[in-house]
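If you read the sequence shown in the working numbering, its first letter stands for residue 4, the second for the next number, and so on. Where is the CB? At the ideal position from N, CA and C, for every residue including glycine. Remarks on the structure that follows.
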Amino acid sequence: MQTSQKHQTRVNIHRLYHQPDKDVDQFCLPHIQILENNACSDIGSQGPSVSYQAYNDQIFTLESSTATASFVAYDSPSAISVSSSRSPFSPQGSQSWMSDPHHSPDNTHGSPFSGSSVVDDSNGLKHKLRELEVSLLGPESDIIDSCNCCFTSGAHQAASMAGLNHEQLVDMIPRLDLKEVLIACGQALYDNDKSRVAGLMHVLEKMVSVSGEPLQRLGAYVLEGLRARLESSGSNIYKALKCQEPTSSELMSYMHILFRICPYWKFAYTSANAVIKEVMEYEQRIHIIDFQIAQGTQWMYLIAALSKCPGGPPFIRVTGIDDSQSNHARGGGLSIVGQKLSEFAKSYNVPFEFHDTSVSTSEIQVQNLNICPGEALAVNFPYVLHHMPDESVTISNHRDRLLRLVKSLSPKVVTLVEQESNTNTSPFFSRYIETLDYYTAMFESIDVACPRDDKQRISAEQHCVARDIVNMIACEGQERVERHELLGKWRSRFMMAGFSPYPLSSLVTSAVRDMLKEYNNNYRLEEREGSLYLGWINRAMATSSAWR
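What follows is the structure, encoded as structure tokens:
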């Protein structure tokens, strides 16, 4: 009997993301028109061919609203400012910074994959921040110090350009390495050498392209972030970009493109759902609190899986916390999500209730979460905690306050999925190098799924990724909301809040591996210390862990 139940559990977990797409699609993403065999093709060696209809022929690019001379249209006929939804958190391919064999192999970025981050170890601010982190989080935070790597190849070669004047650099453009120029420009800005920054930006303008190779595409957005920082307009451009969003149907389409061609959100959904199902399979009443519910698609898969529980489906209640980008994409509040989830649950004969909170994540209090006695509680943090300001930003420290609040609710399980990147308290130049490394990986992984001149892919990158890059490069203080931490740091925070790890089982790992079969075979999955690392070739890009 026990063996039979275990087999049934394994089968159900594997089915979490192998429900027929039409079962889910008819309840979500109503604005998307999916075409066959057109633009984006061959997601993986065994993956489906998915295409998207472009609704105009313009190639979008960033435009600084505060620049004295607009820095636009590097290779395009028009320039339209970019806004963003949350980023899709991707991995990296052959041109990755850390793919360079000259880079230190010892820096594992706190993960089983190579990472990169460069810092000026003589920088006093870094040491002060590290002392603060150790005092607040304990010595375990040392395992996350990704700043030990010597970014020798690119950084040393970039330094060799320091003696060249503007005319010499322009003459050398055909022979210059874009990576080296990007590094040199960031270093010059860090050194406050504005004249040299201006010259290097002029060179970069001639080297980048929103429809070029991955590094060229990334360079176009990095260049806008550098200009905004140089002109001290980081917060202004970031706010301007937020105000110039595409229409709801357009943004939903862009988000859906990335959801289809990259596994990063499905990695979050699959791993979290598999854990929650494993923990809750024999519960009669389940309450799920989702701190970034977006379109609610994740819970359709779980509802379908739990409908087959032994003894019949449980009562499920979902409490959703909204975010501004998802609100705009769906064209309305969480009542839209609640209605679709209710209809979907009804189609599977699952008793269901939806609760809509009306406050932001940083303002959440216990009374907003509608906790009821007798319900088994699961809490989901999908790529959201890094947006919470911590002790380095404000004494309120919403990041740790929220974890303590959740612990006080005594959940059966808490799921956490985050980018495996270190951009929270790093000084500018190390954060800049980390951003280059991480997003080179992102663009390279996208590159294998769509043609480089695909207009929809270009728009998806610009509207769902570019603003995050500008924010990390151009903004500081409370204006910088993209503040990623490595899993080792998250582990310290969770344990400080009173949680203990809930090791992910082989069933969870198998469910994720099955999902990844739909995508390019350069994606990697590795289990380490009870957590899962999703990577692209040799770069860890996202982690999934569970806590109790």
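I think V382 touches I324, with their Cβ atoms under 8 Å apart; what is that distance to the nearest whole Å?
Within the sequence shown, residue 382 is the residue found at index 379, counting from 1. Within the sequence shown, residue 324 is the residue found at index 321, counting from 1. Actually they are not in contact, since the Cβ atoms of V382 and I324 sit about 11 Å apart, beyond 8 Å.
Inter-residue spacing [alpha-carbon to alpha-carbon] between T512 and L203:
Within the sequence shown, the letter at position 509 stands for residue 512. Within the sequence shown, the letter at position 200 stands for residue 203. Rounded to whole angstroms, T512 to L203 spans 46 Å at the Cα level.
Rounded to whole angstroms, what's the CA-CA distance from L406 to R496? Just pull it up for me.
Residue 406 sits at position 403 when you count from the first residue of the sequence shown. Residue 496 sits at position 493 when you count from the first residue of the sequence shown. Each residue's Cα considered, the two are about 8 Å apart.
Identify whether I279 lies in helix, strand or coil by the three-state DSSP scheme.
Your numbering for residue 279 matches position 276 in the sequence shown. If DSSP states are grouped into helix, strand and coil, I279 belongs with the helices.
6 Å Cβ shell around Y441 - same chain, five flanking residues per side excluded:
Numbered from its first residue, the sequence shown carries residue 441 at position 438. Same-chain partners within the cutoff: S424.
Residue from I186, L489 and V211 with nearest C-alpha to Y386
For the purposes of this step, residue 386 is taken as residue 383 along the sequence shown, with counting starting at 1. Checking every option, the nearest Cα to that of Y386 belongs to L489.
Do you know how far the Cα of D196 is from the Cα of G334?
The sequence position of residue 334 within the sequence shown is 331, counting from 1. The sequence position of residue 196 within the sequence shown is 193, counting from 1. About 45 Å.
If you compare alpha carbons, which of A477, F270, H259 and R455 is closest to Y526?
The count along the sequence shown starts at 1 and reaches residue 526 at position 523. Closest option to Y526, Cα to Cα, is F270.
Let me know the secondary structure DSSP gives H487 once reduced to three states.
Along the sequence shown, one-based indexing puts residue 487 at 484. The answer is coil: DSSP assigns H487 none of H, G, I, E or B.
Taking one C-beta from the region 470-480 and one from the region 262-269 each time, how about it: are there three or more such pairs within less than 8 Å?
no
Using a threshold of 6 Å, is the CB atom of K209 nearer than that to any non-hydrogen atom of the ligand FAD?
This structure does not include the ligand FAD; it has no bound ligands of any sort.
Closest by CA to R404, which one among M499, G491, N541 and Q295?
In the sequence shown, the residue the question calls residue 404 occupies position 401. Nearest option by C-alpha distance: M499.
Measure from the alpha carbon of T300 to the alpha carbon of each residue in L537, L380, P376 and Y272, then state which is nearest.
The residue you call residue 300 lines up with position 297 of the sequence shown. Nearest C-alpha to T300: Y272.
Tell me the rounded alpha-carbon separation between S509 and E281.
Taking the first residue of the sequence shown as position 1, residue 509 is located at position 506. Taking the first residue of the sequence shown as position 1, residue 281 is located at position 278. Taking the straight line joining both Cα atoms gives about 11 Å.
Backbone secondary structure at P217 - three-state DSSP:
Working through the sequence shown from its first residue, we reach residue 217 at position 214. In the structure shown, P217 sits in a helix (DSSP, three-state: H, G or I).
Range covered by the alpha helix (DSSP H) that runs through V515:
Locating residue 515 in the sequence shown gives position 512, counting from the first residue. Segment S509 to L519, the alpha helix (DSSP H) holding V515.
Could you check the C-alpha separation between I540 and V340 for me, to the nearest Å?
As a first step, residue 540 is located in the sequence shown; it is residue number 537 there, counting from the start. As a first step, residue 340 is located in the sequence shown; it is residue number 337 there, counting from the start. About 36 Å.
V369 versus C478 - alpha carbon distance:
Position 366 of the sequence shown holds residue 369. Position 475 of the sequence shown holds residue 478. Roughly 32 Å separates the two Cα atoms.
How many Å lie between A187 and V225 at the Cα?
Residue 187 sits at position 184 when you count from the first residue of the sequence shown. Residue 225 sits at position 222 when you count from the first residue of the sequence shown. Taking the straight line from one Cα to the other gives about 13 Å.
Taking its Cβ as the centre, do 16 or more other Cβ atoms sit within 10 Å of I398, making it buried, or is it exposed?
Here the question's residue 398 lines up with position 395 in the sequence shown. The residue in question, I398, is exposed, as its Cβ has fewer than 16 Cβ neighbours within 10 Å.
Once you ignore the five residues that flank L309 on each side, which residues in its own chain have a CB closer than 8 Å to its CB?
Reading the sequence shown from its first residue, position 306 is the one you call residue 309. K280, M283, E284, I289, P316, P317, I319 and V353.
Counting pairs of Cβ atoms below 8 Å between the region 459-469 and the region 251-260, do you hit three or more?
yes
Let's test the definition: count the other Cβ atoms within 10 Å of the Cβ of G501 and tell me whether it reaches 16, buried, or not, exposed.
Position 498 of the sequence shown, counted from the start, is the residue given in the question as residue 501. Answer is exposed; the Cβ neighbour count stays below 16.
Give me the Cβ distance between L181 and L229, rounded to the nearest whole Å; I'm assuming they're in contact under 8 Å.
Working through the sequence shown from its first residue, we reach residue 181 at position 178. Working through the sequence shown from its first residue, we reach residue 229 at position 226. Contact doesn't hold; Cβ gap of about 14 Å is too wide.
Buried or exposed by the 16-neighbour rule on C-beta atoms within 10 Å, applied to G480:
Here residue 480 is taken as the residue at index 477 of the sequence shown, counted from 1. When all chains shown are included, G480 counts as exposed.
Is N468 helix, strand or coil when you go by DSSP?
As a working mapping, residue 468 is identified with position 465 in the sequence shown. According to the sequence shown, residue 468 is Val rather than Asn. V468 falls in the coil class under three-state DSSP.
Thinking just about the alpha-carbon of each residue, which of Q190, L185, S547 and G222 is nearest to the one in M445?
On the sequence shown, residue 445 is found 442 positions in, with the first residue counted as 1. Of the listed residues, the one whose Cα sits closest to M445 is G222.
When H331, Y304, S329 and S361 are compared against L344, the one with the closest alpha-carbon:
Working through the sequence shown from its first residue, we reach residue 344 at position 341. Nearest option by C-alpha distance: Y304.
Q422: first and last residue of the uninterrupted beta strand (DSSP E) it sits in:
Locating residue 422 in the sequence shown gives position 419, where the first residue counts as 1. Unbroken beta strand (DSSP E) run through Q422: V416 to Q422.
Would you give the residue range spanned by the beta strand (DSSP E) that L537 belongs to?
In the sequence shown, the residue the question calls residue 537 occupies position 534. Segment S534 to W539, the beta strand (DSSP E) holding L537.
Buried or exposed for G189, going by 16 or more other Cβ atoms inside 10 Å?
Locating residue 189 in the sequence shown gives position 186, counting from the first residue. Counting Cβ neighbours within 10 Å, G189 comes out buried, since at least 16 surround it.
C-alpha distance - S312 paired with I306, whole-angstrom precision
Locating residue 312 in the sequence shown gives position 309, counting from the first residue. Locating residue 306 in the sequence shown gives position 303, counting from the first residue. Before going further, note that residue 312 is Cys rather than Ser in the sequence given. Roughly 10 Å between the two C-alpha positions.
Straight-line Cα distance separating T418 from L535
Mapped onto the sequence shown, residue 535 falls at position 532. Mapped onto the sequence shown, residue 418 falls at position 415. Approximately 12 Å between the Cα atoms of the pair.
Pop quiz: E421 and H487 are said to be a contact at Cβ under 8 Å. What is the actual Cβ separation, rounded to whole angstroms?
The residue you call residue 421 lines up with position 418 of the sequence shown. The residue you call residue 487 lines up with position 484 of the sequence shown. With a Cβ gap of about 7 Å, E421 and H487 count as contacting.
Assign D457 to buried or exposed, taking buried as 16 or more other Cβ atoms, counted over all protein chains shown, within 10 Å of its Cβ.
Position 454 of the sequence shown, counted from the first residue, corresponds to residue 457. It counts as buried.
For L38, which three-state DSSP category applies?
Within the sequence shown, numbered from 1, the residue matching residue 38 stands at position 35. Only weak support is given to the placement of L38: the predicted model assigns it a pLDDT of 31, under 50, and the value that follows is read from those uncertain coordinates. Strand at L38.
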